[in-house]
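Numbering (full-length UniProt numbering), first residue to last: 1 to 107.
Heads up, the beta-carbon is just placed ideally off N, CA and C, and yes, glycines get one too.
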Amino acid sequence: MDWSKANWKLFCACIGEWQETYIKRLNEQYIEILSGDGLASDKFWKLNQRIQEDKKNLGVKMSLRKPDIALTLVNLLNENVISLDDLNGFSKELQENVKQLKIRLVE
Numbered sequence: 001m002d003w004s005k006a007n008w009k010l011f012c013a014c015i016g017e018w019q020e021t022y023i024k025r026l027n028e029q030y031i032e033i034l035s036g037d038g039l040a041s042d043k044f045w046k047l048n049q050r051i052q053e054d055k056k057n058l059g060v061k062m063s064l065r066k067p068d069i070a071l072t073l074v075n076l077l078n079e080n081v082i083s084l085d086d087l088n089g090f091s092k093e094l095q096e097n098v099k100q101l102k103i104r105l106v107e
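Below is the structure:
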């Protein structure tokens, strides 16, 4: 679906902040891993594995395409990068489409 320029502009304006907030949360979790009990080598390898997994999340890295806004937003919701409150400001049509897609993907 071809979403409005306003939706695309808002998405592009928000995605950087969403990713920064998400990565900040990840960094805090990494600090917990490194600060925990155990061998330094075990913590290193646990952190390495976690980073490798996290690098695949949309909250860390994504390609942006206007036609994919709804699905991208659903994936960001599913990965807990954003919440439904973050959709405020987008068109009602896009918000409803995201909610419907999210429901369909759960079923």
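Backbone secondary structure at residue i - three-state DSSP
i: Asn80; result: coil
i: Asn57; result: coil
i: Leu101; result: helix
i: Leu64; result: coil
Whole-number beta carbon distance between residue j and residue i, since they are thought to touch under 8 Å
i: Trp18; j: Leu76; result: 7 Å
i: Val81; j: Leu105; result: The Cβ separation is near 15 Å, so there is no contact.
i: Cys14; j: Asp86; result: 7 Å
i: Tyr30; j: Leu47; result: 6 Å
i: Lys102; j: Val60; result: The pair is not a contact, with the Cβ atoms about 21 Å apart (cut-off 8 Å).
One or two residues paired with residue i in a DSSP bridge
i: Asn88; result: Phe90
Start-to-end residues for the alpha helix (DSSP H) that takes in residue i
i: Gly16; result: Lys5 to Ser35
i: Leu47; result: Ala40 to Asp54
The segment 64-83 touching the segment 94-104, judged by at least three CB pairs closer than 8 Å: yes
Cβ contact check for the segment 14-32 and the segment 46-62: 3 or more pairs under 8 Å: yes
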